[in-house]
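A.B. asks: Sharing a structure here in structure tokens format.
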Amino acid sequence: MLADRFTRIAWIALLLFFAVGAASPVEEADRAWQQRATLVDGKVAISEPNARAALRGFEAALERNPEDASLLFRVFEARYFVGEFVSTVSDERERLYDESVKDSEKLLKRMLQEAAVASDFASKSLEEQAQVWRTIPHATEAHFWSAINWGLWGMSHGYFASARKDVAGKIRDHGRLVILLDDHFADGGGYRLLGRLHTLTPRIPFFTGWVDIDTGITLLEQAYRVSRKDIRNALFLGEALLRKGADRQVEAKALLKEVAGHSPSRAHLAEESQSIAQARKRLAELAEF
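Residues in the sequence shown are numbered from 3 upward in steps of one, following the working numbering.
Structural data, given as structure tokens:
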């Protein structure tokens, strides 16, 4: 009897050890995500194994919790990272961004179904739509990632495929909704998205005739006023101002120098280092760095 009792206690202790000590798939994916980029001898080293392990972990967790929007956003970010910093194969990047576009569209559709919106919802103005979206949890981030995912899709598929899909129009509308819902979200992310769209997208008759660099600069200025925490606000504005000629060169250079002198954060080492390198390259072209 005593031996049986000790055996039961031992089994309970073992079960408790595994229950408390074992990391969840999301925790393991988080650990891999935190190690996706490190500094080695002062240079950024991308860890492909960790980046891919993080993506697999987040996707596996999402399969078990398919309606968890927060998990889906982690998947989007991991797919972006793998596509931008790890993958060397264009087919893989297209697949990753195809999946993200499909998943973001499904998420928005599910949100509207759960909110039981009227059948004429899509025909309403964005301002009217925003009134409904404000009542839906995670709507701002869902539109933010939809804009990003369409942008990544467009870059991987090219201008003409993007024109056929009206990618620019989709990014514009999602970006405008982000601003309407929360113009401070993601450090002025809505302004940053729309501003970049206007300053980079080529004007194609009947498709993107509404694109305007002055509008883009105004939007990027708003993003920069909202926050300097995301260094892309300064970078994108500086790059856009360079296109305005001598009148705004001094301001453009100051913004680029601000980015070039930044120390990348540990949390976004690869991403911020990329922006810093881009700013330094532009300054070098101007013989300013």
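Backbone N, C-alpha and C define an ideal beta-carbon position, used for all residues, glycine too. Here the structure is a predicted model, which means the values were calculated and not measured.
1) By Cβ distance below 7 Å, which residues in the same chain neighbour GLU169 in space, the five residues on each side in sequence not counted?
2) Can you list, in chain order, the stretches of the alpha helix (DSSP H) that have 4 or more residues and sit fully within the region 111-150?
3) Identify, in the order they occur along the chain, each residue of the same chain with its Cβ nearer than 6 Å to the Cβ of GLU253, setting aside the five sequence neighbours on each side.
4) Alpha carbon to alpha carbon, how far is ILE48 from ALA149? Give it in angstroms, no decimals.
5) Could you name the residues that DSSP lists as bridge partners for VAL42?
6) Which value, in whole angstroms, describes the spacing of the CA atoms of ARG66 and VAL103?
7) When the Cα of GLY197 is compared with those of PRO139, LEU183, TYR226, which residue comes out closest?
8) Looking at the C-beta of ALA53, does it have a partner C-beta in chain D at a distance below 8 Å?
9) Going along the chain, which unbroken runs of the alpha helix (DSSP H) with 4 or more residues stay wholly within the region 31-98?
10) Could you give the distance in angstroms between the alpha-carbon of SER275 and the alpha-carbon of THR40?
11) Measuring alpha carbon to alpha carbon, tell me which of LYS111, GLU129, GLN280, GLU107 ends up nearest LEU179.
12) Can you tell me whether LEU222 is helix, strand or coil according to DSSP?
C.D. replies: Short version:
1) Taking the first residue of the sequence shown as position 1, residue 169 is located at position 167. First, the residue type needs correcting, since residue 169 is Val and not Glu in the sequence shown. Excluding positions up to five away in sequence, the list reads TRP152, TRP155, GLY156.
2) 128-135
3) Within the sequence shown, the letter at position 251 stands for residue 253. Around GLU253: LEU243.
4) Translated into positions along the sequence shown, residue 149 becomes position 147. Translated into positions along the sequence shown, residue 48 becomes position 46. Those two C-alpha atoms are separated by around 26 Å.
5) For the purposes of this step, residue 42 is taken as the residue at position 40 of the sequence shown. LYS45.
6) Counted from its first residue, the sequence shown places residue 66 at position 64. Counted from its first residue, the sequence shown places residue 103 at position 101. C-alpha separation (whole angstroms): 20 Å.
7) Looking up residue 197 in the sequence shown gives position 195. It is TYR226.
8) In the structure shown, chain D does not exist; there is a single protein chain.
9) 50-66, 71-83
10) Your numbering for residue 275 matches position 273 in the sequence shown. Your numbering for residue 40 matches position 38 in the sequence shown. Distance between the alpha carbons of SER275 and THR40: 11 Å.
11) Here residue 179 refers to the residue found at position 177 of the sequence shown. When only C-alpha atoms are compared, the closest one is GLU129.
12) Along the sequence shown, read from residue 1 onward, the residue named residue 222 stands at position 220. In this structure, LEU222 counts as helix in the three-state DSSP scheme.
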